[in-house]
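Residue numbers (this note's numbering): 79 to 218.
The beta-carbon is built from N, C-alpha and C at its ideal position, and this holds for glycine as well.
This one's a predicted model, so the numbers in the text were calculated from it and none came from an experiment.
Report on the structure given below.
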Amino acid sequence: MGFQFFKKRTIWLPTWPVILVSIFIILTSLSFILFSSHNFLAVTDKAPNAKILVVESWMADNSMEQVAKIFNAKDNNYESLWLIGPRLERGYYISEKFKTYSQMSAATLTTLGVPQEKIHLAPASKPLRHRTFSAAVNLK
């Protein structure tokens, strides 16, 4: 028999204790990464004696509630709130009130109790990379 379709081979497979230990190590590593990355990725250190609060206006309404609480707190020194945001991605042509995320967020924050005269809008482009840096350059 010169030609064969299949050939018998011996392979090594891990035992069930090794599989359990591997799963435990993987799950422990993933949970450590997930639960500790927020402090690294979402730095919220306030600059001492800051007079301006800058917010990217594409955030959700529950985040805007936190912004309103922070801005209206008695222990802050904020004199103005700057909203940075690009134009709306969807509904731009049918929206009569809001053409940018900044306008929509300003209306939301005004409803949440932030004085309208303290809210300022800064336009922002929508680059594919370095969005936060681009927003800071536009604010400057």
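Same chain, Cβ closer than 8 Å to residue i, neighbours up to 5 away in sequence not counted
| i | result |
| --- | --- |
| Asn-150 | Gly-191 and Val-192 |
| Met-137 | Val-145 and Ser-183 |
Reduced DSSP secondary structure (H/G/I, E/B, other) of residue i
| i | result |
| --- | --- |
| His-116 | helix |
| Trp-90 | coil |
| Glu-143 | helix |
| Leu-159 | strand |
| Ile-172 | coil |
| Leu-190 | coil |
| Ala-95 | Checking the sequence shown, residue 95 turns out to be Pro, not Ala. It is helical. |
| Ala-185 | helix |
| Leu-253 | This structure cannot speak to residue 253, because the chain is shown only from 79 to 218. |
| Thr-178 | strand |
| Ala-200 | strand |
Pick from the options that is closest to residue i, judged by C-alpha positions
| i | options | result |
| --- | --- | --- |
| Leu-217 | Gly-163, Thr-178 and Ala-185 | Gly-163 |
Any non-hydrogen atom of the ligand HEM closer than 7 Å to residue i Cβ
| i | result |
| --- | --- |
| Leu-112 | Among the ligands in the structure shown, none appear at all, so the ligand HEM cannot be discussed. |
Contacting residues, own chain, Cβ-Cβ under 6 Å from residue i (five flanking each side not counted)
| i | result |
| --- | --- |
| Tyr-156 | Leu-131 and Phe-149 |
Cβ-Cβ separation, residue j to residue i (assumed contact under 8 Å), whole Å
| i | j | result |
| --- | --- | --- |
| Lys-139 | Thr-186 | Correcting the residue identity first, residue 139 is Asp in this sequence and not Lys. That belief holds up - the Cβ atoms of Asp-139 and Thr-186 are roughly 6 Å apart, short of 8 Å. |
Any chance the stretch 170 to 177 sits against the stretch 127 to 147, with 3 or more Cβ pairs inside 8 Å? The stretch 170 to 177 and the stretch 127 to 147 do not touch, with fewer than 3 CB-CB distances between them shorter than 8 Å.
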